[in-house]
Amino acid sequence: MAGKTNLSRRDVLIKGGIATAGMTLLPSHVLAQLDQLARDETPVNWIDEFGPPRSPDFVLLDWNGLESWITPVDQFFSASHYPEPTVDGDTYSLEITGAVRQRLNLSLDEIKSMPRRDLDFTLECSGNRGVPVFRGGVFNARWTGTPLAPILERAGMWDNGMEVVFFGHDEGEEVITP
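Each residue of the sequence shown is one higher than the last, beginning at 7 in my numbering.
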């Protein structure tokens with residue numbers, strides 16, 4: 007049979023490992039295009055992805071102005087596709103439903119009365135692709151709040167619970183271009 011090669015399992019593992027390791031060196035946008043081509047899909051881009059900031063509410067981190075690991079609050083990056091929602095703390099509630107034994111509906115006061123924890127970490131916009139205009143879509147902060155795990159334990163998560171999905175209060179219409 008013409009073109010037939012005899013590869014041992016060892017050869018397949020070694021060459022496959024080298025190919026996989028080599029792919030980690032490719033830029034993420036190239037990998038995304040390879041995946042897109044492999045599945046014959048077309049990505050849907052945000053229509054405002056590469057433009058300059060559209061309003062004074064659009065804030066990007068100034069890397070040159072940082073003096074510590076923690077980003078000053080007034081330099082937190084801020085970008086939104088929808089208007090900022092109005093949330094009334096007196097009527098706000100957090101609803102826990104889904105793969106739980108007991109549905110929970112917690113008021114903001116109930117959440118604030120639970121044990122709190124400080125945690126330092128980085129937030130980066132999921133749309134941050136390293137394009138020059140958007141490299142500042144990131145910040146480091148010390149957050150204080152109630153951990154989610156004890157709330158989920160209180161609700162009695164089922165063993166088959168796989169993920170947690172969050173829904174925000176912001177809303178609006180998004181225009182998607184073909």
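Glycine is no exception: its CB is placed at the ideal position from the N, C-alpha and C atoms.
In this text the structure is predicted, and so the values were computed from the model without any measurement.
*What do you get for T77, buried or exposed, if any count of 16 or more other CB atoms within 10 angstroms of its CB means buried?*
For the purposes of this step, residue 77 is identified with residue 71 of the sequence shown, where counting begins at 1. Buried, by the Cβ-count rule.
*asked:* Using 7 Å as the threshold, is the C-beta distance between M120 and T150 below it?
replied: On the sequence shown, residue 120 is found 114 positions in, with the first residue counted as 1. On the sequence shown, residue 150 is found 144 positions in, with the first residue counted as 1. Contact flag unset, no.
*Could you give the distance in angstroms between the alpha-carbon of V106 and the alpha-carbon of V171?*
Translated into the one-based positions of the sequence shown, residue 106 becomes position 100. Translated into the one-based positions of the sequence shown, residue 171 becomes position 165. Distance between the alpha carbons of V106 and V171: 13 Å.
*For E90, I'd like the list of residues in its chain whose CB is within less than 6 Å of its CB, leaving aside the five on either flank, ordered along the chain.*
By one-based count along the sequence shown, residue 90 stands at place 84. Closer than 6 Å at the Cβ level, and outside the excluded window around E90, lies no residue.
*asked:* Please state whether the Cβ-Cβ distance between A147 and Q108 is less than 7 Å.
replied: Here residue 147 refers to the residue found at position 141 of the sequence shown. Here residue 108 refers to the residue found at position 102 of the sequence shown. Cβ atoms of A147 and Q108: not closer than 7 Å.
*Same chain, Cβ closer than 7 Å to E130, neighbours up to 5 away in sequence not counted*: Position 124 of the sequence shown, counted from the first residue, corresponds to residue 130. Excluding sequence neighbours, E130 sits near G143, V144.
_Distance, S86 Cα to V181 Cα_ = If you number the sequence shown from 1, residue 181 lands on position 175. If you number the sequence shown from 1, residue 86 lands on position 80. Their Cα atoms are separated by approximately 14 Å.
_Inter-residue spacing [alpha-carbon to alpha-carbon] between P178 and R123_ = Walking along the sequence shown from the start, residue 178 turns up at place 172. Walking along the sequence shown from the start, residue 123 turns up at place 117. Looking at the sequence provided, one finds Gly at residue 178 rather than Pro. Answer to the nearest angstrom: the Cα atoms are 33 Å apart.
*With a threshold of 16 other CB atoms inside 10 Å of the CB of L125, please say whether the residue is buried or exposed.*
If you number the sequence shown from 1, residue 125 lands on position 119. By the Cβ neighbour-count rule, L125 is exposed, with fewer than 16 other Cβ atoms within 10 Å of its own.
*Would you list the one or two residues that DSSP bridges to F127?*
Walking along the sequence shown from the start, residue 127 turns up at place 121. Paired residues: A147.
*Enclosing beta strand (DSSP E) for L67 [first to last residue]*: The count along the sequence shown starts at 1 and reaches residue 67 at position 61. Looking at the DSSP string, L67 is not in any beta strand (DSSP E), and its letter there is neither H nor E.
*Give the secondary structure of P58 by DSSP, where H, G and I count as helix, E and B as strand, and everything else as coil.*
Numbered from its first residue, the sequence shown carries residue 58 at position 52. With a pLDDT of 49 at P58, under the threshold of 50, the modelled position of that residue is not reliable, and the figure given next carries that caveat. P58 carries a coil assignment under DSSP once its states are collapsed to helix, strand and coil.
*Rank F173, D94, Q81 by C-alpha distance to the C-alpha of S113 and give the top, closest one.*
As a working mapping, residue 113 is identified with position 107 in the sequence shown. The shortest Cα separation from S113 among F173, D94, Q81 belongs to D94.
*asked:* Taking a contact to mean a Cβ-Cβ separation below 7 Å, would you say Y88 touches D176 in this structure?
replied: Here the question's residue 88 lines up with position 82 in the sequence shown. Here the question's residue 176 lines up with position 170 in the sequence shown. In this structure, D176 lies closer than 7 Å to Y88 by Cβ.
_Do L67 and Q81 count as a contact pair if the criterion is CB distance below 7 Å?_
Reading the sequence shown from its first residue, position 75 is the one you call residue 81. Reading the sequence shown from its first residue, position 61 is the one you call residue 67. Closer than 7 Å, so yes.
*Going straight from the alpha carbon of V79 to that of L158, what length do you get?*
Within the sequence shown, residue 79 is the residue found at index 73, counting from 1. Within the sequence shown, residue 158 is the residue found at index 152, counting from 1. Cα to Cα, V79 sits roughly 29 Å from L158.
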